[in-house]
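The block underneath contains the structure these notes are about, expressed in structure tokens.
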Amino acid sequence: MACTCLPAAAALREWQVVQDYVTLIDADPATCARLKMPIGQRINPFISYTGIATDFGFVGPGERTMTWQPGHVCVRFGMDSWGGIWHSLEGTGGESARTLDFTRAYPPFIATAYQPKVTGLRLRGNGRGKVGIEIKDAAQAVLWSDKWTLDAEEDSDFIRPLPPLRRAKFLNWTSLAGCRMCLDQVALEIELPDLPTELRVFLKSYAKLARCHDARTGLVKDRAHAPGGAFDSVPASAMFCLASAVAAELGIVDHAYAAELLRRTERIMGAVEPSSGLLPHFVRID
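Dropping the structure here:
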């Protein structure tokens with residue numbers, strides 16, 4: 489079958505939320521017990537992840553004084569403290585080989601014509617003080633930085649264009665000494681081709697599923713921010729094969745990629761011992 493060719497059209501721009509801070513952070517012992525977290529741990533990694541399916545964590549000595557309010561994370565720092573949050577932009581923070589190319593934001597096996605670009609940054613919050621913003625590579629080298637002087641009773645936006653960084657790993661914000669503010673959201677501006685609605689919906693859905701695919705194990709992780717092989721999904725792996733076949737017909741991926749994915753998945757599933765004739769829902773790959 490002939491592939492569907494991408495028509496020449498203007499690019500679209502939209503905001504992809506990196507984090508909107510609806511995740512609970514609380515060191516209260518009762519909350520830790522309810523969520524089955526070690527006492528003192530502020531983030532439950534099973535339920536706490538970013539809007540791009542990566543992990544995040546705290547920076548600075550002011551970590552313990554940061555609080556959560558509905559839809560916001562808040563800081564009230566004196567002149568002797570500072571702190572903030574880091575967000576991985578690709579994979580988990582510990583996966584140093586995985587970085588985000590702002591010129592090709594989707595997984596690399598997706599065709600260039602269907603690749604979005606990262607073109608801007610937005611932070612939204614209220615309060616008073618200075619907030620440092622950095623984008624770093626996997627070695628913690630600063631690739632881009634800016635400073636937001638916040639002075640607003642209601643949520644206001646800080647928007648900046650971003651250069652075409654090729655190996656971005658961390659997006660960090662840090663409230664400096666004396667800052668008192670509540671942050672609502674961090675988002676990236678995405679530029680993507682203007683596609684028919686049904687094709688755009690499929691592409692976005694496929695790209696999100698593709699972020700969960702682990703090239704090492706050959707399977708789809710139950711959660712993109714979980715380690716590969718620890719909790720892989722059999723149904724999702726099969727669905728990714730089917731979606732890749734459709735993507736190949738649309739020209740989103742190569743036919744060779746989709747065919748090899750199917751062969752590899754079949755080999756892996758063939759080695760899984762069924763129970764009562766049925767495959768398990770989840771598997772662990774050592």
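Be aware that the sequence shown starts at 489, since it is given in this note's numbering, and climbs by one per residue.
All C-beta atoms, glycine included, are put in the ideal place defined by N, C-alpha and C.
Predicted model only: the values in this text are computed from it and were never measured.
Counted within 10 angstroms of its Cβ, other Cβ atoms place residue i as buried (16 or more) or exposed
i           : result
residue 686 : exposed
residue 521 : exposed
residue 559 : exposed
residue 769 : exposed
residue 767 : exposed
residue 501 : exposed
residue 763 : exposed
residue 674 : buried
residue 578 : buried
residue 606 : buried
residue 567 : exposed
residue 689 : exposed
residue 604 : buried
Residue interval of the alpha helix (DSSP H) (run including residue i)
i           : result
residue 760 : That residue, residue 760, is in no alpha helix (DSSP H); it is neither H nor E in DSSP.
From the options, residue whose alpha carbon lies closest to that of residue i
i           : options               : result
residue 719 : 773, 623, 726 and 748 : 773
residue 581 : 709, 672, 658 and 729 : 658
residue 695 : 562, 675, 723 and 727 : 727
residue 574 : 544, 603 and 649      : 544
residue 505 : 769, 595 and 678      : 678
residue 702 : 553, 597 and 565      : 597
residue 707 : 565, 509, 654 and 771 : 771
residue 697 : 510, 626 and 729      : 729
residue 641 : 741, 600, 732 and 616 : 616
residue 652 : 590, 565, 503 and 646 : 590
residue 754 : 723, 583 and 735      : 723
residue 656 : 709, 634, 564 and 628 : 628
Extent of the continuous beta strand (DSSP E) to which residue i belongs
i           : result
residue 669 : 668-681
residue 768 : Here residue 768 belongs to no beta strand (DSSP E), and DSSP marks it neither H nor E.
residue 741 : Segment: none, residue 741 is in no beta strand (DSSP E) and carries neither H nor E.
residue 510 : Segment: none, residue 510 is in no beta strand (DSSP E) and carries neither H nor E.
residue 625 : Element bounds for residue 625: n/a, residue is neither H nor E.
residue 662 : 658-663
residue 580 : Element bounds for residue 580: n/a, residue is neither H nor E.
residue 646 : 630-649
Presumed contact (8 Å Cβ cut-off) between residue i and residue j, rounded CB distance
i           : j           : result
residue 643 : residue 499 : About 28 Å; that fails the 8 Å criterion.
residue 572 : residue 661 : 5 Å
residue 613 : residue 650 : Not quite, the Cβ-Cβ distance comes to about 19 Å (not below 8 Å), so this is no contact.
residue 619 : residue 676 : Contact doesn't hold; Cβ gap of about 17 Å is too wide.
residue 631 : residue 623 : 5 Å
residue 745 : residue 732 : 7 Å
Proximity test, residue i beta-carbon vs the ligand FMN heavy atom, cut-off 6 Å
i           : result
residue 541 : Of the ligands one can find in the structure shown there are none, so the ligand FMN has no counterpart to examine.
(message) My parser needs the alpha helix (DSSP H) runs of 4 or more residues fully inside the region 686-735; what are they?
(response) none
(request) Pick out the complete beta strand (DSSP E) segments inside the region 527-577, 3 residues or longer, and give them in chain order. (result) 544-547, 555-557, 560-564 and 571-576
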